[in-house]
Amino acid sequence: EDSVEEVAEDKSPNDEAPPAVKPSFKDLARAFVLLGWTAFGGPQAHIALFQLEFVEGRKWISEGTFLELLALGQCLPGPTSTQVSFALGVIITGTVWGGLATGLLFQYPGFLMLTALGFAFDEALDSPNAAVRGLVGGLQAGGVSLVWLAAYQLGSKICKTKLHQSLGALSAVLAFYHPEPYTFPAAIAIGGCVTYFDSTRKANRANTNGDVSINKRRSEEEGDTMDSVVSFGLSVPAGLFGIAVWLTALVGLLVYVSTTEYSENNEGIFWFESAFRTGSLIFGGGQVVLPMLLDEVTHGKSRPWMTEEEFLTGLALAQAMPGPLFNFAAYIGAVIDGGVGGAVVWWLGLFSPGVLLIFSMLPLWGKFRKSITYKRALPGLNSSAVGLVFAAAFQLLFKGLGTESNKDFSQSLVCIGMSVFHLTANLKVPAPVSIITGGLVGLVAKVLGGS
1 EDSVEEVAED KSPNDEAPPA VKPSFKDLAR AFVLLGWTAF GGPQAHIALF
51 QLEFVEGRKW ISEGTFLELL ALGQCLPGPT STQVSFALGV IITGTVWGGL
101 ATGLLFQYPG FLMLTALGFA FDEALDSPNA AVRGLVGGLQ AGGVSLVWLA
151 AYQLGSKICK TKLHQSLGAL SAVLAFYHPE PYTFPAAIAI GGCVTYFDST
201 RKANRANTNG DVSINKRRSE EEGDTMDSVV SFGLSVPAGL FGIAVWLTAL
251 VGLLVYVSTT EYSENNEGIF WFESAFRTGS LIFGGGQVVL PMLLDEVTHG
301 KSRPWMTEEE FLTGLALAQA MPGPLFNFAA YIGAVIDGGV GGAVVWWLGL
351 FSPGVLLIFS MLPLWGKFRK SITYKRALPG LNSSAVGLVF AAAFQLLFKG
401 LGTESNKDFS QSLVCIGMSV FHLTANLKVP APVSIITGGL VGLVAKVLGG
451 S
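My numbering puts the sequence shown at residues 1 to 451.
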C-alpha cells in the first residue's frame with residue numbers, strides 16, 4: 001500500500017523552488033552580452049552556462065522551469081541552446097522583446113566573426129599554429145567541464161528517487177549509444193510517459209483504498225504546484241499563427257525551388273530555401289545539422305556552391321567561436337556569395353525555423369503545463385532531460401577532446417577541464433571567466449610543449 005512518503009516522491013522539483021528574482025532589462029542585456037562573447041564549447045556547454053548563470057547564480061529562473069524549457073527545445077526542430085536563449089528572455093521578462101533581445105545578443109558575436117572569416121578565407125586557416133590550437137583546446141576543455149558541472153548539479157536536484165534516476169540513466173544511454181535526431185525527443189517522451197502512468201497508478205490505488213490523506217496530498221500537488229510565469233510572450237492564437245507561417249513558408253519554398261530554374265536573379269531564394277528546410281528538419285542541434293549542410297552545399301541542383309575543403313575549414317573555425325554552431329551558416333553564405341547579403345540569407349534561413357517555433361510554442365506550452373497530464377509527466381520529462389546532459393558530458397569528453405588536433409595535447413586538456421570545474425564549482429568564479437582562463441592556460445601550455 002502506498003504511503004504518504006511514497007506519494008511525496010512524485011513531487012516536482014518546481015514545488016520547492018524559491019521565487020525567481022526579477023532583473024532589470026539592463027541587467028539581463030548585460031548578462032547576455034557577456035555570454036555572447038564567451039559561450040565557447042558548443043550547445044551542451046551553452047545550456048550548462050545558462051544553468052550556472054541564471055538558475056544557480058542570479059536565480060532569475062527556477063530549476064524546474066529551466067528544465068521544462070530545455071525539454072521543449074529538445075522536442076522542437078532547430079538549435080536547442082539558441083531556442084533556450086530566446087525562451088529565457090521571454091519567461092524572465094514576460095515579453096517577446098525580452099526574448100528577441102536575449103536571443104540576438106547571444107547570437108551576434110559568432111555571426112559577426114564567422115561572416116568576417118568567410119571573407120578572409122585562406123588556405124593558411126587550414127594549419128593553425130600551436131598558440132591557436134592551445135587556445136581553442138583550452139576553451140573546449142573548459143566548456144566540457146561546465147557540462148559535467150551542470151549534469152551533476154541538475155542530477156542531484158532533479159533525480160532524487162530511484163525511478164527518476166533510472167529514467168535519467170536510460171535517457172543518457174539511449175542518447176550516447178544511438179545519437180540520432182529522433183532519439184532526444186523520444187527519450188524525453190519515454191520519461192514523461194513512465195512517470196505519468198506511475199503517478200496515475202498510485203492515484204487510482206489510493207482511490208480504490210479510500211485513503212483520504214493520500215488523495216488530498218496528491219490533489220494539492222496537482223493543483224497549483226507549477227512555477228508561476230507572468231507571460232509566455234505571444235497569445236495562443238498568435239502562436240498558432242506562427243506555426244502556420246512556418247509551415248506555409250516551408251511548403252512554399254519547396255514548391256518554388258522544385259518548379260523554378262536556378263539563376264543569378266533568384267539564387268538568394270534557393271539559398272534561403274536550402275537553409276530553411278535544413279533548419280526545419282533537424283532535431284538535436286549543431287552537430288546533427290553538419291552532414292545535411294555539407295550535402296546541401298556540395299550536391300544537388302545547381303551545386304556545388306562551395307568546396308568540401310572550404311566547408312571543413314569553416315567548420316573548424318565555427319567550433320572555435322563563441323555562440324551556437326548554427327552561426328556556421330554565416331560563414332557558408334559569405335563564402336558562397338562573397339558579400340554580407342549571402343551571410344545574412346543563410347544565417348536567417350537556418351535559424352528562423354527554430355526561433356519562430358519556440359516563440360510560437362511557448363504560449364501553447366503555457367496552457368498545456370497546467371494540465372494534470374503534464375504535471376504527472378513532468379518529473380519524467382525533467383529526469384530524461386538531465387540524462388541527455390550526462391550523455392553530452394560523456395560524448396564531449398570521449399569524442400570532443402579526443403579529436404585529431406587534440407590527441408597530442410589530451411592530458412593537458414583534461415587537467416585544464418578539472419581546473420575549470422574547480423574554479424566554477426568550488427571557488428565560485430563566474431563561468432565565462434573560468435572558460436577564458438582555460439583557454440589562456442591551454443595557449444601557454446601548448447606553446448611550452450604541453451602534452
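Beta carbons: idealized from backbone N, C-alpha and C, even for Gly.
Burial check for W97: the Cβ neighbour count within 10 Å stays below 16, so the residue is exposed. Within the region 284–368, the runs of alpha helix (DSSP H) at least 4 residues long that lie entirely inside it are, in chain order, 286–298, 308–319, 328–337, 340–368.
By a beta-carbon distance limit of 8 Å, V389 contacts A150. Their separation comes to about 6 Å. A buried status is given to R376, since no fewer than 16 other beta-carbon atoms sit within 10 Å of its beta-carbon. Between the alpha carbons of L163 and Q44 lies a distance of about 25 Å. The region 363–374 and the region 140–149 do not touch, with fewer than 3 CB-CB distances between them shorter than 8 Å. Contact between E310 and V335 is confirmed by a C-beta separation of about 5 Å, below the 8 Å threshold. A straight line joining the alpha-carbon of A101 with that of V420 spans about 29 Å. Pairing I358 with G73 gives a Cβ-Cβ distance under 8 Å. Distances from the alpha-carbon of F270 to those of S383, F40, V257 put V257 closest. The continuous alpha helix (DSSP H) containing Q165 extends over residues 162–177. Burial check for H178: the Cβ neighbour count within 10 Å stays below 16, so the residue is exposed.
Counting only the Cα atoms, A391 lies some 20 Å from S410. Note on the region 60–136: whole alpha helix (DSSP H) runs with a minimum of 4 residues are 63–74, 80–93, 96–119, in chain order. Across the set H299, G168, L254, the C-alpha of G168 shows the shortest separation from the C-alpha of T195.
Contact annotation: the region 338–357 does not touch the region 128–140, with fewer than three C-beta pairs closer than 8 Å. The Cβ atoms of A87 and L76 do not sit closer than 8 Å to each other.
Counting C-beta atoms within 10 angstroms of its own C-beta, A393 has 16 or more neighbours from the protein chains shown and is therefore classed as buried.
In this structure N327 touches Q107 by the C-beta definition: roughly 7 Å separates them, less than 8 Å.
DSSP places I372 inside the alpha helix (DSSP H), whose first and last residues are 372–395. Comparing alpha carbon positions, the residue from G268, V144, V355 closest to L396 is V144.
The three-state secondary structure of V147, taken from DSSP, is helix. Each residue's CA atom was taken as its position, placing T437 and Q140 some 11 Å apart. The criterion of a C-beta distance shorter than 8 Å is not satisfied by S434 and A187. When secondary structure is reduced to three states using DSSP, E267 falls in the helix class.
In this structure, L234 keeps its C-beta atom at 8 Å or more from the C-beta atom of S81. At the C-beta level, L105 and A172 stay beyond 8 Å of one another. Non-local C-beta neighbours of G137 in its own chain, meaning closer than 6 Å and more than five positions away in sequence, comprise N406, F409, L413, G442, ordered along the chain. Out of G323, S263, G99, A249, the CA that lies nearest to the CA of K301 is found in S263. CA-to-CA, the gap between G387 and G142 works out to about 21 Å.
Note that the C-beta distance between G279 and G99 is not below 8 Å.
In chain order, A431 place their CB closer than 6 Å to the CB of L52, counting only its own chain and leaving out the 5 sequence neighbours on each side. In this structure, the CA atom of S62 is about 31 Å from the CA atom of N204.
When the alpha-carbon of V55 is set against those of L117, Q153, G110, the nearest one is in Q153. The C-beta distance from G323 to P109 rounds to 6 Å, short enough to meet the 8 Å contact threshold.
The three-state reading of DSSP puts R58 in coil, since its state is none of H, G, I, E or B.
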